[in-house]
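Working notes, structure below.
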Amino acid sequence: MPEDGADESTEASAAVEGAMKGAGVVWLSPDQGPTGTPVHPSSTGPVWHVWSEEACYLLTGPGEQPLPGIVHGARCQVTARDRAGGRAITWAATVEAVDPAGPEWGSVAPKLAAGRLNGGDPVVVVSTWPGRLTILCLRPTGDLATARTGLPDGSQAAVPLPSPATTPYRMPSDIT
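Mapping of the sequence shown onto my numbering: position 161 corresponds to residue 360, and the numbering continues sequentially without gaps.
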């Protein structure tokens, strides 16, 4: 007879997998850095991903989605929404960089390329990634923040990332 901890772990894995398969984007909040030290408490905006092999895979690097504080060796919180657009689940993950020379890269990179919007030919695109971009693997730790604390009351909206972009002219009055 399985222990209660094993049942909870199986339920947590099933809940994460079910939510992630239906989520087109996720939101990430850095938890702690590779040395276990707290990192900047900001969170990312919506991040596209591929769920494969019981893990969440992301593409980052120059010209790709920015992931502040989400680096190899760190921990983070992953929030997925449900089909109606509400928050479905928040789970803890460890972050690992995928080795471009390893078999995991060969398995996941084509899936990420196929999932990109306006990505071009996946075979050509993937060949340009090693050395330029990083694939990160977010592996669930089994800790469900939503199971522990319930869904938060606040919006948890991310602070906009700093940008030099401005509007060089005044907005028309009929838009504001």
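Glycine included, C-beta positions come from ideal geometry on N, C-alpha and C.
On the DSSP bridge list, what partners appear for Pro296? The sequence shown places Ala at residue 296, not Pro. According to DSSP, Ala296 bridges with Leu335.
Helix, strand or coil at Ala213 [DSSP, three-state]: Helix at Ala213.
Find the nearest neighbour of Ala312 within the set Arg282, Glu263, Val215, Val294, judged by alpha-carbon distance. Ranked by Cα distance from Ala312, the options Arg282, Glu263, Val215, Val294 are led by Glu263.
Using a Cβ-Cβ cut-off of 6 Å (strictly less than) and excluding sequence neighbours within five positions of Leu343, which residues of its own chain qualify? Taken in chain order, the residues that qualify are Ala211, Trp290.
Here's the rule I'm using: 16 or more other beta-carbon atoms within 10 Å means buried, otherwise exposed. How should Met219 be labelled? Met219 is buried by the Cβ-count criterion.
Please check the pair Val294 and Leu335, which I expect to be a contact at CB under 8 Å, by giving their CB distance rounded to whole angstroms. The pair is a contact, with the Cβ atoms about 6 Å apart (cut-off 8 Å).
What are the start and end residues of the beta strand (DSSP E) that includes Ser251? Annotation for Ser251: the continuous beta strand (DSSP E) segment containing it runs 249-251.
Express the C-alpha separation of Asp373 and Arg347 in angstroms, rounding to a whole number. At Arg347 the pLDDT is 47, less than 50, meaning the model places this residue with poor confidence; the figure from the coordinates comes in the next sentence. Rounded to the nearest whole angstrom, the CA to CA distance from Arg347 to Asp373 is 47 Å.
Could you have a look at Leu266 and say whether DSSP puts it in helix, strand or coil? Look at Leu266 here: in three-state DSSP terms it is coil, with no helix or strand label.
Ordered along the chain, which non-local residues of its own chain (more than five positions away) have a Cβ less than 8 Å from that of Arg331? Only Gly260, Pro261 meet the Cβ criterion.
Flag this pair as yes or no: are the beta carbons of Ala273 and Asp281 separated by less than 7 Å? Ala273 places its beta carbon 7 Å or farther from that of Asp281.
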